[in-house]
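Structure record follows, encoded as structure tokens.
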Amino acid sequence: GDSVTQMEGPVTLSEEAFLTINCTYTATGYPSLFWYVQYPGEGLQLLLKATKADDKGSNKGFEATYRKETTSFHLEKGSVQVSDSAVYFCALRRGATNKLIFGTGTLLAVQP
Amino acid sequence: DTGVSQNPRHKITKRGQNVTFRCDPISEHNRLYWYRQTLGQGPEFLTYFQNEAQLEKSRLLSDRFSAERPKGSFSTLEIQRTEQGDSAMYLCASSLGGTTGITEAFFGQGTRLTVV
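If you want it as structure tokens, here you go:
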């Protein structure tokens, strides 16, 4: 079945460091891919998305490129801030099923 | 209408009791989803509605769980005879779907259930 695998956390970085959170997926067909973020005490928020191969999603300085050849959608940011501290979830949505399939989440802690 | 609203935010109940949660989606959204999130895990799909029709249910949704969306607007999720394993965050999301595709899902803040 469809699945998403994320790198385990926590990821601890100093402010202004470069961030990469790895995400790979298994799915038939051509899923849409998403990154959601969950700040402490809040619900999930869509961070960025990509709907087809080689698309790059970007938002708030974060980027991820849909790589079909490696079935990956790694999240990157060039310079993290303390306010980026949150749990990040990679997810896929395939075709008409409508449901999202999430990875287990990666906790990011950014220290000043 | 500022987003998906869920009530209550927190619920503590004794094992064996019934609980009901409510979700109010974004008003123009015709699709509504329920997910369950346990500690340290990503959300897992439970069920979804298009308007008032329940179109898909996960195997996670045992017979003790029932969801409704009677008028195609708000939805309720009821858990009967709660068990400690039901303790989790229950998330609701909504989106707009049609023949041209679907929008991304917007999530509520969730209802945290603790069964003691």
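Going line by line, the protein sequences match chains A and B.
For the first sequence, the working numbering assigns the number 4 to the initial residue and increments by one for each residue that follows.
For the second sequence, the working numbering assigns the number 91 to the initial residue and increments by one for each residue that follows.
Built from N, CA and C at the ideal position, the CB exists for glycine as well.
Identify which residue in B:Arg202, B:Thr137, B:Phe139 and B:Arg154 has its Cα closest to the Cα of Thr172 of chain B. Minimum Cα distance to Thr172 of chain B is reached at B:Arg154.
Given a cut-off of 8 Å on the beta-carbon distance, is the pair Leu136 of chain B and Leu122 of chain B in contact? no
One question on the structure: do Leu167 of chain B and Ala183 of chain B come within less than 8 Å of each other, judged by their Cβ atoms? In this structure, Leu167 of chain B keeps its C-beta atom at 8 Å or more from the C-beta atom of Ala183 of chain B.
Extent of the continuous beta strand (DSSP E) to which Glu168 of chain B belongs: From DSSP, the beta strand (DSSP E) with Glu168 of chain B extends over Ser165 to Ile169.
Gly175 of chain B (DSSP reduced to helix, strand or coil): helix
Would you call the segment 63-77 of chain A in contact with the segment 100-108 of chain A, where contact means no fewer than 3 C-beta pairs closer than 8 Å? no
For the segment 70-85 of chain A, which residues have a CB atom closer than 9 Å to at least one CB atom of chain B, in sequence order? The residues in question: there are none.
Keeping to the same chain, check which residues put their C-beta closer than 7 Å to that of Lys147 of chain B; ignore five residues upstream and five downstream. Thr137
Ordered along the chain, which non-local residues of its own chain (more than five positions away) have a Cβ less than 6 Å from that of Tyr33 of chain A? Correct list: empty, nothing qualifies.
Exposure of Lys104 of chain B, with buried meaning 16 or more beta-carbon neighbours within 10 Å: exposed
Phe21 of chain A and Gly81 of chain A look like a contact to me (Cβ under 8 Å); what is the Cβ gap, rounded to whole Å? 6 Å
Could you tell me the distance, in whole angstroms, from the CA atom of Gly106 of chain B to the CA atom of Thr204 of chain B? 12 Å
For Ile104 of chain A, list the residues DSSP reports as bridge partners. A:Leu95
Which term fits Gln127 of chain B, buried or exposed, when burial requires 16 or more other beta carbons within 10 angstroms of its beta carbon? Buried.
Kindly indicate if chain B contains any beta-carbon less than 8 Å away from that of Lys52 of chain A. yes
Counting only Cβ pairs nearer than 8 Å, list the residues of chain A close to Pro133 of chain B. Going along chain A in sequence order, the residues near Pro133 of chain B (Cβ under 8 Å) are Leu47, Phe92, Leu103 and Phe105.
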